[in-house]
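Chains as they are written, first to last, in this note's numbering: chain A, -18 to 215; chain B, 24 to 66.
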């Protein structure tokens, strides 16, 4: 399995970093403070894009897991590994940002509220799949087991998304450009696009790392290693 | 009045959130780039 060597993911990473820099500058220094949350609301400009990209990474992982189980292509498993890893990093970061925002607004870093609890379950479930992958040396078995586990764990993703609508939650409902002042939309959109580009670039490069490793794992053994066996057989 | 007390403090929380986000993004992307370059050089 030979991955592409296109420089596109590097460009995505660079463009994402630039957009994140501009979006964060506007969010921190140009956008006004919110009436009730004050300056603490500025955390939303990084928290919300991280949440969106985290959900997208796990949705992509679900797609890769389905493709692997249907077609048995190890390339899909490489992308699954990449999406899982980035989704877990974003999910852990998301929980941290949420806790830092919750302390001044809710008075506590953590509460066993439906949105927070289902997000914690999502983090533990997908981190568990990454741990499972590291215990299975056989590439095909590893891909099959982690694909099945990803599909099972993905059941929590729509629950996380709809938890604020289904249950009485401390966490506010999802916002949209119609419900957010235009002054807050620009930094949010710039950072959302920036995080999306960083995620896309990182998933592509991380999948290449997995493909190169899978290529080694599935390659036939070198002739020197096989020769003694051949001699015995003769 | 609706009983909500506006927050007029909390920049330290903002800097913490942005700082940790920047460090995590930079460290993760750097780790991916290092692993990619190392994997490409392996025979």
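Where is the CB? At the ideal position from N, CA and C, for every residue including glycine.
Cutoff 7 angstroms: residue i Cβ touching any chain B Cβ
i              : result
residue 85(A)  : yes
residue 18(A)  : yes
residue 183(A) : yes
residue 7(A)   : no
residue 141(A) : no
residue 78(A)  : yes
residue 186(A) : yes
residue 23(A)  : yes
residue 27(A)  : yes
residue 193(A) : yes
residue 70(A)  : yes
residue -1(A)  : no
residue 96(A)  : no
residue 74(A)  : yes
residue 234(A) : The structure shown does not extend to residue 234(A), since chain A spans only -18 to 215, so no value can be given for it.
Boundaries (first-last residue) of the alpha helix (DSSP H) holding residue i
i              : result
residue 78(A)  : 55 to 87
residue 199(A) : 163 to 199
residue 137(A) : 137 to 147
residue 46(A)  : 25 to 52
residue 49(B)  : 34 to 64
residue 96(A)  : 95 to 116
residue 10(A)  : Residue 10(A) -> no alpha helix (DSSP H), and no H or E assigned at all.
residue 6(A)   : -11 to 6
Below-7 angstroms beta-carbon distance, residue i vs any chain A residue
i             : result
residue 35(B) : no
residue 58(B) : yes
residue 46(B) : no
residue 53(B) : no
residue 66(B) : no
residue 40(B) : yes
Buried versus exposed call for residue i [16 or more other C-beta atoms within 10 Å across all chains shown]
i              : result
residue 17(A)  : exposed
residue 160(A) : exposed
residue 136(A) : exposed
residue 163(A) : exposed
residue 37(A)  : buried
residue 12(A)  : buried
residue 26(B)  : exposed
residue 83(A)  : buried
residue 88(A)  : exposed
residue 53(B)  : exposed
residue 31(B)  : exposed
residue 10(A)  : exposed
residue 49(B)  : exposed
residue -10(A) : buried
residue 33(B)  : buried
residue 175(A) : buried
residue 90(A)  : exposed
residue 44(B)  : buried
residue 199(A) : exposed
residue 8(A)   : buried
residue 30(A)  : buried
Residue i: CB within 6 angstroms of a non-hydrogen atom of the ligand MN
i              : result
residue 165(A) : With respect to small molecules bound, the structure shown includes none, and the ligand MN cannot be examined in it.
Beta-carbon proximity list for residue i, same chain, < 8 angstroms, skipping 5 on both sides
i              : result
residue 150(A) : 94, 95, 96, 144
residue 86(A)  : 18, 21
residue 178(A) : -7, -6, -4, -3, 0
residue 107(A) : 39, 42, 65, 68, 69, 72, 131, 134
residue 120(A) : 55, 58, 195, 198, 199
Chain-order list of residues whose beta-carbon lies under 6 angstroms from that of residue i (same chain, five-residue window excluded)
i              : result
residue 124(A) : 49, 58
residue 32(A)  : 75
residue 183(A) : 67
residue 154(A) : 145
residue 60(A)  : 45, 188
residue 62(A)  : 191
residue 185(A) : -10
Same chain, Cβ closer than 7 angstroms to residue i, neighbours up to 5 away in sequence not counted
i              : result
residue 113(A) : 126, 127, 130
residue 142(A) : 36
residue -18(A) : 55, 56, 192, 195, 196
residue 117(A) : 123, 126
Practice task
Pair every Cβ in the segment 96 to 104 of chain A with every Cβ in the segment 169 to 183 of chain A, then say whether three or more of these pairs are closer than 8 angstroms.
Solution key: no
Handout entry: the segment 12 to 30 of chain A touching the segment 49 to 67 of chain A, judged by at least three CB pairs closer than 8 angstroms
Key = no
Practice task
For the segment 66 to 85 of chain A and the segment 35 to 45 of chain B, state whether three or more C-beta atom pairs, one from each stretch, are separated by less than 8 angstroms.
Solution key: yes
Problem - Validate contact between the segment 186 to 203 of chain A and the segment 2 to 19 of chain A using beta carbons, cut 8 angstroms, 3 pairs - result: no
Exercise for the section: Inspect the CB distances between the segment 128 to 135 of chain A and the segment 26 to 45 of chain A and report whether three or more fall short of 8 angstroms. Expected result: yes
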